[in-house]
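Colleague:
Residue numbers (this note's numbering): 2 to 539.
(1) Can you list, in chain order, the residues of its chain whose CB lies under 8 angstroms from that of residue 132, leaving out five sequence neighbours each side?
(2) Rounded to whole angstroms, what is the Cα-Cα separation between residue 567 and residue 425?
(3) I need the DSSP call for residue 294, collapsed to helix, strand or coil.
(4) Looking at the structure shown, is residue 102 part of a helix, part of a strand, or coil, going by DSSP?
(5) Where residue 47 and residue 15 are concerned, what is the direct C-alpha to C-alpha distance, given to the nearest angstrom?
(6) Tell me the residue span of the alpha helix (DSSP H) that contains residue 462.
(7) Closest by CA to residue 69, which one among 293, 186 and 121?
(8) In the DSSP assignment, the beta strand (DSSP E) including residue 438 goes from what residue to what residue?
(9) How about residue 318 and residue 331: do their beta carbons lie closer than 9 angstroms?
(10) In angstroms with no decimal places, state the Cα-to-Cα distance between residue 198 and residue 148.
(11) Hey, residue 538 and residue 500: beta-carbon distance below 9 angstroms or not?
(12) Helix or strand or just coil, what does DSSP make of residue 333?
(13) Hey, how far is the Cα of residue 59 from the Cα of residue 135?
(14) How big is the Cα-Cα spacing for residue 258 and residue 83?
(15) With H, G and I counted as helix, E and B as strand and the rest as coil, what does DSSP make of residue 249?
(16) Going by CA-CA distance only, name the one from 456, 23 and 9 that's closest to residue 366.
(17) Does the beta carbon of residue 2 fall short of 8 angstroms from some heavy atom of the ligand NAD?
(18) By how many angstroms is the C-alpha of residue 218 removed from the C-alpha of residue 156?
(19) Residue 226 by DSSP, collapsed to three states: which one?
(20) Taking the C-alpha atoms as reference points, what is the distance between residue 522 and residue 388?
(21) Could you check which residue in 201, 208, 358 and 451 has the C-alpha nearest to that of residue 188?
(22) Have a look at residue 286 and residue 9 and give me their C-alpha separation to the nearest angstrom.
(23) Under the DSSP definition of a beta bridge, which residues are partnered with residue 346?
(24) What do you get for residue 361, buried or exposed, if any count of 16 or more other CB atoms within 10 angstroms of its CB means buried?
(25) In the DSSP assignment, what residue or residues form a beta bridge with residue 72?
(26) According to DSSP, residue 81 sits in a beta bridge with which residue or residues?
(27) Excluding the five sequence neighbours on either side, which residues of its own chain have a C-beta within less than 8 angstroms of the C-beta of residue 456, listed in chain order?
(28) If you drop the 5 nearest sequence neighbours on each side, which residues of the same chain put their C-beta closer than 7 angstroms to that of residue 212?
(29) I'd like to know whether the C-beta atoms of residue 470 and residue 432 end up nearer to each other than 9 angstroms.
(30) What number of angstroms, rounded off, separates the C-alpha of residue 518 from the C-alpha of residue 32?
(31) Can you tell me whether residue 492 is helix, strand or coil according to DSSP?
(32) When the Cα atoms are used, what is the spatial distance from residue 206 to residue 228?
(33) Is the distance from the Cβ of residue 447 to the Cβ of residue 398 below 9 angstroms?
(34) Suppose you measure from the CA of residue 334 to the CA of residue 89; what does that come to, to the nearest Å?
(35) Are the beta-carbon atoms belonging to residue 454 and residue 487 less than 9 angstroms from one another?
(36) In chain order, what residues of the same chain have a beta carbon less than 7 angstroms from the beta carbon of residue 233, not counting five sequence neighbours either side?
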């Protein structure tokens with residue numbers, strides 16, 4: 002079964018992150034492979050909770066489309082570019098793989114070799130064999146023939162042609178051997194004769210010894226001597242497997258990067274005839290092979306959405322993924338699938354509360370640390386149960402998690418708001434980026450950012466700085482309206498700042514910032530208020 006990716010919304014808050022982590026844990030407990038992801042950077046509160054309860058930050062998911070690293074690639078067997086044809090065939094046989102990427106000394110892919118490329122040696126004109134053997138190395142010949150390199154010489158003079166000298170009353174008189182590789186028997190006189198005639202390399206068969214006079218003459222004529230480990234027939238066959246693969250490999254390689262989207266790779270693959278494609282990393286080193294059939298018939302990424310259901314708030318290209326489930330407590334909008342899915346939407350203060358219910362419904366108790374993390378997320382989304390979205394079920398589940406985690410709810414809430422808020426050190430831009438959600442209201446783009454703070458007095462940036470940042474980001478992000486909401490826990494209300502072309506619809510002349518008592522929930526109070534004001538004005 003493919004891995005399921007569980008993710009919350011963009012600009013994630015604690016509820017979004019923790020719901021993904023806890024639901025992934027529950028899925029894994031039921032033997033379903035799942036991994037929690039995030040769609041943006043963590044805010045300070047979420048980072049505090051993860052650190053306090055010893056959880057790692059979920060990996061960032063930037064796109065819902067399948068990338069090559071999501072697919073099971075073939076193992077990254079490679080062959081060095083100075084490997085012999087014989088060594089390459091042997092490795093292909095051992096690895097049960099009819100193709101290999103060719104790499105240089107730094108393990109970077111420089112070519113591709115297949116059994117079809119190597120088979121050309123047997124089927125092609127003799128000119129290919131001549132071209133290959135004229136550059137062959139004596140050590141490679143000795144190795145390929147299981148032979149013994151008796152004498153070597155740097156001043157090789159080979160034309161790539163091969164002669165097999167058999168014993169006759171004419172000795173080697175009738176053979177053209179100059180600059181040739183000569184396969185010869187153990188007759189010393191014949192060996193000396195072909196050396197005198199200018200042989201380029203001597204391969205001796207059926208012998209374990211070379212006469213001293215022959216060695217001396219070979220040194221004078223710059224002619225290496227090898228004693229083959231095979232008879233004359235197999236020696237002549239294996240000899241053509243001694244050259245390196247450089248002249249046979251394809252240097253124009255169709256390869257993909259490990260981060261490439263599979264839909265883009267599939268388009269390219271449909272135009273080619275190749276059966277396998279090297280997949281490389283940033284260093285141009287092989288990661289694995291993508292087979293054509295696997296690449297064209299790949300499955301979309303399987304995903305579960307938590308704490309949101311609007312595509313505009315989800316990972317880019319979410320419509321190209323297979324959505325299996327949605328677990329949420331927000332309004333249902335901008336959502337459709339091509340087949341039935343499991344959709345759980347409840348009127349409740351936190352998505353993590355829904356996940357907690359699913360734990361207990363399944364008869365699975367979350368571990369102590371996870372229970373503490375989930376408790377923190379519920380406290381965060383219900384604003385320590387002061388938000389009007391809070392339900393009796395939220396409070397009941399929080400109490401149950403509190404007992405499992407051995408953490409007092411009020412103590413954790415105090416630590417979250419007064420220790421993790423870090424208000425005095427944040428810039429105006431930072432507040433606008435941490436917990437912001439996008440909405441489409443009356444065909445207008447609206448952004449609403451919210452920060453839960455101990456007190457408005459703790460904010461270091463001025464009203465002017467906040468308003469300037471709102472205008473700048475509204476312009477940059479193409480928003481018709483950008484609203485920054487500071488929810489003050491002590492005052493039990495929210496302060497509002499506005500930016501963008503439609504800010505005048507919401508601004509009042511009475512006070513800046515606008516304070517609304519008992520307004521705490523973005524979903525149930527702030528969004529409906531903004532929606533109604535825009536509808537009346539537009």
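Just so it is clear, CB atoms sit at the ideal spot from N, CA and C, and this is done for glycine as well.
Modeller: In short:
(1) 161 and 248
(2) The shown model of the chain, from 2 to 539, leaves out residue 567, and the question about it has no answer.
(3) helix
(4) strand
(5) 5 angstroms
(6) No alpha helix (DSSP H) holds residue 462; DSSP gives it neither H nor E.
(7) 293
(8) 437-442
(9) no
(10) 24 angstroms
(11) no
(12) coil
(13) 58 angstroms
(14) 25 angstroms
(15) coil
(16) 23
(17) As for the ligand NAD, it is missing from this structure, which has no ligand bound.
(18) 14 angstroms
(19) strand
(20) 6 angstroms
(21) 208
(22) 34 angstroms
(23) 329
(24) exposed
(25) Paired residues: none, contrary to the question.
(26) 104
(27) 489, 490, 491 and 492
(28) 189
(29) yes
(30) 47 angstroms
(31) coil
(32) 6 angstroms
(33) no
(34) 58 angstroms
(35) yes
(36) 165, 184 and 206
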